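Q:
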Amino acid sequence: MNIRHFDQLPKPYLAYPKIIQGLIRKKKSAQLALPELQYVVESLQIDPQHLQDYQEICGFAQDESVPAIYLAVLAQSLQMHMMTQEDFPFAVLGLVHIRNQVSQKRKINVHESLSLSCEFAESRLHEKGIEFDFKITAKVADEIVMQGVSTYLSRQKQHATGAMQKKADAVQLDYVLQEQWSVAENTGRRYAMISGDFNLIHLHAFTAKAFGFKRAIAHGMWSKARALASLALPDAYQVEVTFKLPLYLPSTVEFMTCQQGQQTDFLIRNAQSKKPHMTGVLQAL
């Protein structure tokens, strides 16, 4: 395992020239092998104002608690540089974020000094190509306070596995409507200013149409954070979401939950079509 150390988080925008270059020089083929590589920010001090801005746009309470998903968002700048500065086998443009898991071991305070690391993990064949994982870990001294896994799909005709085998019928959950949200047209632009994710599909209808979308779509990690901000989170928990259909901007969506003991299943769906944008499961640890 090669480990690269950083004094601070690399700026996300510095990766964009390499991403654009990928439009001109496309990779000839994709292999399953990912670099054995880890990026580590040794001493990360969170900016309280940046945290407050994040809490505001996602709907979290304005306090000194750091949501675990916020650390996963910070780690995305490491991911972008790992994909653009290293021998990464896939084209960055066109990657689809399909799943995300975050575990919080205890409450995290904004004034704590953290180390934040990100590494390539597993890759697998998928019906539409290859999916792969980033593993994220945050520590206070030697104590792990947060772990996460972000799973992305690289569409690859030569590696696609064909039609998926039929799975057993999914259990039908008795979701209860909790809230209805009006998601504004500028949500993608506002979130991009905070997260550093300026993917063109999120910014404006004009730029999104160039990638096949009828309008701009919300960031998946914003949708997940907005859902978590509407739940009563225990001090220690694990939450995993699967991203479904794009959430077009603007939209009116329904947030629904189903409580089963210590587990809360939740759903974001379109208020008119009732089609799902995201499903998730929250479990207390």
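Using the working numbering, the first residue of the sequence shown is number -7, and each one after it goes up by one. All residues carry an ideal CB built from backbone N, CA and C; glycine is no exception. Note that the coordinates shown come from a computational prediction; the quantities given were computed from them, not determined experimentally.
Below 6 Å CB to CB, which residues in the same chain sit around Asp166 once its five sequence neighbours on both sides are set aside?
A: On the sequence shown, residue 166 is found 174 positions in, with the first residue counted as 1. The residues are Cys250.
Q: Determine the burial state of Met185: buried for a count of at least 16 other Cβ atoms within 10 Å of its Cβ, exposed for fewer.
A: Taking the sequence shown and counting its residues from 1, one reaches residue 185 at position 193. Around the CB of Met185, fewer than 16 other CB atoms lie within 10 Å, so the residue is classed as exposed.
Q: Does the beta-carbon distance from His194 to Phe235 come in below 9 Å?
A: Reading the sequence shown from its first residue, position 202 is the one you call residue 194. Reading the sequence shown from its first residue, position 243 is the one you call residue 235. Cβ distance not < 9 Å, so His194 and Phe235 don't count as in contact.
Q: What first and last residue would you give for the beta strand (DSSP E) that runs through Ala113?
A: Here residue 113 is taken as the residue at index 121 of the sequence shown, counted from 1. From DSSP, the beta strand (DSSP E) with Ala113 extends over Ser105 to His118.
Q: Going straight from the alpha carbon of Gln230 to that of Gln255, what length do you get?
A: Residue 230 sits at position 238 when you count from the first residue of the sequence shown. Residue 255 sits at position 263 when you count from the first residue of the sequence shown. Going from the Cα of Gln230 to the Cα of Gln255 covers about 10 Å.
Q: Do Ser95 and Met32 count as a contact pair if the criterion is CB distance below 9 Å?
A: On the sequence shown, residue 32 is found 40 positions in, with the first residue counted as 1. On the sequence shown, residue 95 is found 103 positions in, with the first residue counted as 1. What sits at residue 32 in the sequence shown is Val, not Met. The Cβ atoms of Val32 and Ser95 do not sit closer than 9 Å to each other.
Q: Nearest to His118 by CA position, among Ile90, Met138 and Lys216, is which residue?
A: One-based indexing of the sequence shown puts residue 118 at position 126. Answer by Cα proximity: Ile90.
Q: Below 9 Å between beta carbons: does that hold for Ser146 and Ile128?
A: Taking the first residue of the sequence shown as 1, we reach residue 146 at position 154. Taking the first residue of the sequence shown as 1, we reach residue 128 at position 136. No, they are not a contact pair.
Q: Do Met138 and Cys110 count as a contact pair if the criterion is CB distance below 9 Å?
A: Start at 1 with the first residue of the sequence shown, and residue 110 comes out as number 118. Start at 1 with the first residue of the sequence shown, and residue 138 comes out as number 146. No. Outside cutoff.
Q: So what does DSSP say about Ser21, is it helix, strand or coil?
A: Within the sequence shown, numbered from 1, the residue matching residue 21 stands at position 29. In this predicted model, Ser21 has a pLDDT of only 47, less than 50, meaning its place in the structure is not dependable; the value taken from the coordinates is given anyway. DSSP places Ser21 in coil when its eight states are reduced to three.
Q: Can you give me the Cβ contacts of Gln71 inside the same chain, cut-off strictly under 8 Å, excluding the 5 residues immediately before and after it?
A: Position 79 of the sequence shown, counting from 1, holds the residue named residue 71. Hits under 8 Å: Cys110, Phe126 and Ser142.
Q: Please tell me whether, using a cut-off of 8 Å, the distance from the CB of Asp79 to the nearest non-hydrogen atom of the ligand NAD is below it.
A: Ligands in the displayed structure: none, and consequently the ligand NAD is not present.
Q: Expressed to the nearest angstrom, what Euclidean distance is found between the alpha-carbon atoms of Asn178 and Leu66?
A: Reading the sequence shown from its first residue, position 186 is the one you call residue 178. Reading the sequence shown from its first residue, position 74 is the one you call residue 66. Approximately 21 Å between the Cα atoms of the pair.
Q: With 16 as the cutoff for other CB atoms within 10 Å, does Leu272 come out buried or exposed?
A: Locating residue 272 in the sequence shown gives position 280, where the first residue counts as 1. The question names Leu, but residue 272 in the sequence shown is Gly. Gly272 is buried by the Cβ-count criterion.
Q: Hey, is the region 55 to 63 in contact with the region 211 to 227, meaning 3+ C-beta pairs nearer than 8 Å?
A: yes
Q: Might you give, ordered along the chain, the residues of its own chain that have their beta carbon closer than 7 Å to the beta carbon of Arg181, omitting 5 neighbours on each side?
A: Counting from one through the sequence shown, the residue named residue 181 turns up at place 189. Excluding sequence neighbours, Arg181 sits near Leu195.
Q: Where does Ile49 sit, in a helix, a strand or coil, going by DSSP?
A: To locate residue 49, count along the sequence shown from 1; it is residue 57. Three-state result, Ile49: helix.
Q: Which whole-angstrom value is the C-beta distance of Gln172 and Glu246, which I expect to be below 8 Å?
A: Counting from one through the sequence shown, the residue named residue 172 turns up at place 180. Counting from one through the sequence shown, the residue named residue 246 turns up at place 254. Indeed they touch by this definition, with Cβ atoms about 5 Å apart.
Q: So, helix, strand or coil for His196, using DSSP?
A: Counted from its first residue, the sequence shown places residue 196 at position 204. It is coil, neither helix nor strand.
Q: Could you tell me the boundaries of the alpha helix (DSSP H) in which Val65 lies?
A: Translated into positions along the sequence shown, residue 65 becomes position 73. Counting along the chain, the alpha helix (DSSP H) containing Val65 begins and ends at Ala60 to Gln77.
Q: Excluding the five sequence neighbours on either side, which residues of its own chain have a C-beta within less than 6 Å of the C-beta of Glu79, listed in chain order?
A: Taking the first residue of the sequence shown as 1, we reach residue 79 at position 87. Looking at the sequence shown, residue 79 is not Glu but Asp. Closer than 6 Å at Cβ, skipping near neighbours: Pro27.
Q: Would you call the CB atoms of Ser187 and Ser243 closer than 9 Å?
A: For the purposes of this step, residue 187 is taken as residue 195 along the sequence shown, with counting starting at 1. For the purposes of this step, residue 243 is taken as residue 251 along the sequence shown, with counting starting at 1. No.
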